Structures are given as structure tokens and as C-alpha cells.
Amino acid sequence: MKRTFASDNYSGVHPDIFAALQRANQGHTPSYGADEYTARATALFREHFTPDTEVFFAYNGTGANVIGLSAITRSFEAIICSDLAHINVDESTAPEKFLGCKLVTIPTEDGKIYPQDVAHRIQRVGDQHHPQARVISISQSTEYGTVYSVEEIKALAAVARQYDLYLHMDGSRLANAAVSLGKSFREFTVDAGVDVLSFGGTKNGLMFGEAVLFFHPGLAKHFPYIRKQSMQLHSKMRFIGAQFEALLSGDLWKQSAGHANAMARLLEQELRSIPGVTITRPVQANGIFATLPPAIIPALQEEIYFYVWNEKTSEIRLMCSFDTEEEDVRHFSASVRRLIGATASRI
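The sequence shown begins at 1187 in the working numbering and counts up by one.
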């Protein structure tokens, strides 16, 4: 199947990850995380973050977000997030069903939320008639492909501390953000005040598997039971551990994310040179948002599939992956240029 710009979930498994799965597929090993692969992957996470980081593996991103939030909320509480947050837009009603919490959303123009907007939504503290704010949840990188700076995260963490809240980070594209910032994982997570992190693997070359990280003792006290109850405990966990071991033991995570980010910048450069195309959001990670002439979108999607983000404005989303090639970028931009030209010639 030809490569597309629809999502970094469309890509296959990185060959190095596939090789790690094959190596793990030998013989018998204890189940439910009591295996050497899980132990080594956990140790690597602690090297990248802190020695006392609590590490738990899960199947998928929605599951990682929901069970991570479940450990730090109660059903009468509220989670403050962007109106574009994955937990609000793309996880159906899983957060509401399994958490029972109210999602309090903040409209955003750049995918980010800011301290003053968060503080404004912390209302009626102690009022039994009103949901009590408990968590600030942010995405890194955001759903618009923008990246929070270390200072922006620290500012949100300060609000969380002021009001006795937790700061949760949805890191489905955390590696892309790390490359964009030129920072270690630790610098913009635990050192910046993040309490709980969903660390994404699937969008960076894994077949399946995410991790939930807790940075403070006590937060994960009941988490093993929460994970099991939520059906996110993988019996053959070595196959998640082996993938994360391959991803984190060297710089594979950085190579893959760096390549995807570089392809996004190249695609941005190509599209900016085409009359009739407007880049609508800053390109900081591996996503590009642009508006195209509406008339060319169906034909273009037939050639190289992508998603329309906003049908009213003809804004599209293009995602680059670890396996995106320059040829894909050149072909897409040439198709855009050709279709715009053909449309103009008929006017």
C-alpha cells in the first residue's frame, strides 16, 4: 500500500522494532510483566526520566490516557483541557464513561492552553453543587502540531500547584516534541512539573504499546488494580517491553521522530511555494496544517490520502511519519501544483 499523509498511525512497524519483536518471540517467559524485557524497558524509562519513575505499559493511547487520569481523579471532579484535546475530541466518551469526570474545555487557536485561561476555569472550589477541578491535561505535541516550551509547561505546573491540581501530559507524539525542543524527555516533563505522562510508542514506529509514567511516589499506589480493571494489562507484556527497549536503548526514538519532523518541514517549504496554498499553523513537529482550494481536495485525496481538518475552511492536516520519504513530499506538492493549475485553466 502506498504511503499517505493521513496519520502517523498509518505507517507500519519500524524494522528495528519488528526485529525486536522477533527476538522476543523465542521460547517461554513469565507473563503479565514479570519478564526480562519489561524489566529492561522499565529501567530505560527510569534512565530517561528519574530513577523512581513508576512505569506501566498499556495497549493503546486512549487506554493510557484514561487509566493514567483514573489514578488521579474521582468521579465528581473535573479535568481542564483544550477543546481540541484528544481526550475531548478523539476518544469518544471513554474519559467520561470510565472516569465519570467532567471535561472542562478551553478554546484554542494554537492547540495550547495558557495559565490565565486555566485559572479562570477553576471555579466554586469546595461547592458541592459544582464539579471540582483536579487535573490540567495538555498534549505534547498538540493536536495542531505545536509544541509547548519548557517555560510554558512550568507556568501551567505553577497554576496546578497553586490550586492543588495535577498536571497530566498526553505524550502520544512526545518524541517529536523532544526533537523539536532539542531537550531531553525529563527536561520538559518531570523537571517542568508534570505529574503523570502518557508516553506514546505507536506513532513512532511501534506495532502497539504505550506507557503510563508516574513521577511522584504514591500516585500509582492503586494503579496495578486500575490497569487490570480497565482491561489494559497485557498478558504477553514482553512484546510491549521489547519494543520500548529497542526504541529507548539507543537513539531510534530520536532518529524516527527527527526524520518525521524534517519531512514536515520539507513539506511546509514545498507547499509555501505554491500559489493558492496557505500554511495555517506553525510547523513545529511532524504535522502540517494548510488550506487548499476546495475544488482540488477530492481529487488530491484520491491520489494521496489525508484528512480534512475543517471542512468549512478547507483546512487539511498532513502528518509525516518515520517512513515518509522525500519522494512522497515531492510527489504530493507536485500533485497540488498540478491540480491547482488545472483548476485555474478551466476558469
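Quick reminder that beta carbons are idealized off the backbone N, C-alpha and C, glycines included. Since we're looking at a predicted model, the values are computed, not measured.
Assuming residue i is part of the alpha helix (DSSP H), what are its boundary residues?
i, result
"residue 1392", "Segment: none, residue 1392 is in no alpha helix (DSSP H) and carries neither H nor E."
"residue 1187", "Premise fails: residue 1187 is in no alpha helix (DSSP H) and is neither H nor E."
"residue 1291", "It is not in any alpha helix (DSSP H) - residue 1291 instead sits in the beta strand (DSSP E) that spans 1288 to 1292."
"residue 1284", "1280 to 1285"
"residue 1354", "No alpha helix (DSSP H) holds residue 1354; the beta strand (DSSP E) holding it covers 1352 to 1357."
"residue 1277", "Careful: residue 1277 lies outside any alpha helix (DSSP H) and carries neither H nor E."
What is the DSSP secondary structure of residue i, reduced to helix, strand or coil?
i, result
"residue 1423", "coil"
"residue 1388", "helix"
"residue 1303", "helix"
"residue 1502", "strand"
"residue 1444", "helix"
"residue 1411", "helix"
"residue 1248", "helix"
"residue 1535", "One cannot answer for residue 1535 here, as it falls past the ends of the chain, which runs 1187 to 1533."
"residue 1265", "strand"
"residue 1376", "helix"
"residue 1204", "helix"
Would you call residue i buried or exposed, if buried means 16 or more other Cβ atoms sit within 10 Å of its Cβ?
i, result
"residue 1223", "buried"
"residue 1368", "exposed"
"residue 1275", "exposed"
"residue 1528", "exposed"
"residue 1384", "buried"
"residue 1382", "buried"
"residue 1284", "buried"
"residue 1347", "exposed"
"residue 1413", "buried"
"residue 1407", "exposed"
"residue 1272", "buried"
"residue 1312", "exposed"
"residue 1295", "exposed"
"residue 1334", "buried"
Using C-beta distances below 8 angstroms, list every residue in its chain close to residue i, excluding the 5 sequence neighbours before and after it, in chain order.
i, result
"residue 1517", "1490"
"residue 1500", "1477, 1478, 1479, 1480, 1483, 1494"
"residue 1239", "1231, 1232, 1376, 1399, 1400, 1401"
"residue 1463", "1457, 1476, 1477, 1478, 1522, 1526"
"residue 1320", "1258, 1259, 1260, 1263, 1264, 1265, 1287, 1351, 1352"
With residue i as the anchor, note down where its beta strand (DSSP E) starts and where it stops.
i, result
"residue 1234", "First-last for residue 1234: 1222 to 1234, but that is the alpha helix (DSSP H), not the beta strand (DSSP E)."
"residue 1473", "1473 to 1477"
"residue 1325", "1318 to 1325"
"residue 1496", "1493 to 1496"
For residue i, which residues of its own chain have a beta-carbon under 7 angstroms away from its beta-carbon, when the five flanking residues on both sides are left out?
i, result
"residue 1189", "1509, 1510, 1514"
"residue 1441", "none"
Would you report the Cα separation of residue i and residue j, rounded to the nearest angstrom?
i, j, result
"residue 1451", "residue 1435", "27 angstroms"
"residue 1421", "residue 1396", "15 angstroms"
"residue 1289", "residue 1264", "6 angstroms"
"residue 1351", "residue 1341", "13 angstroms"
"residue 1200", "residue 1391", "5 angstroms"
"residue 1520", "residue 1331", "23 angstroms"
"residue 1473", "residue 1465", "11 angstroms"
"residue 1338", "residue 1215", "44 angstroms"
"residue 1455", "residue 1469", "10 angstroms"
"residue 1281", "residue 1418", "14 angstroms"
Can you give me the Cβ contacts of residue i inside the same chain, cut-off strictly under 6 angstroms, excluding the 5 residues immediately before and after it?
i, result
"residue 1507", "1194, 1197, 1446"
"residue 1186", "The requested residue 1186 does not occur in the structure, where the chain is confined to residues 1187 to 1533."
Quick check: is any heavy atom of the ligand NAD less than 7 angstroms from the C-beta of residue i?
i, result
"residue 1415", "As presented, the structure is devoid of all ligands, the ligand NAD included, so that no description of it is given."
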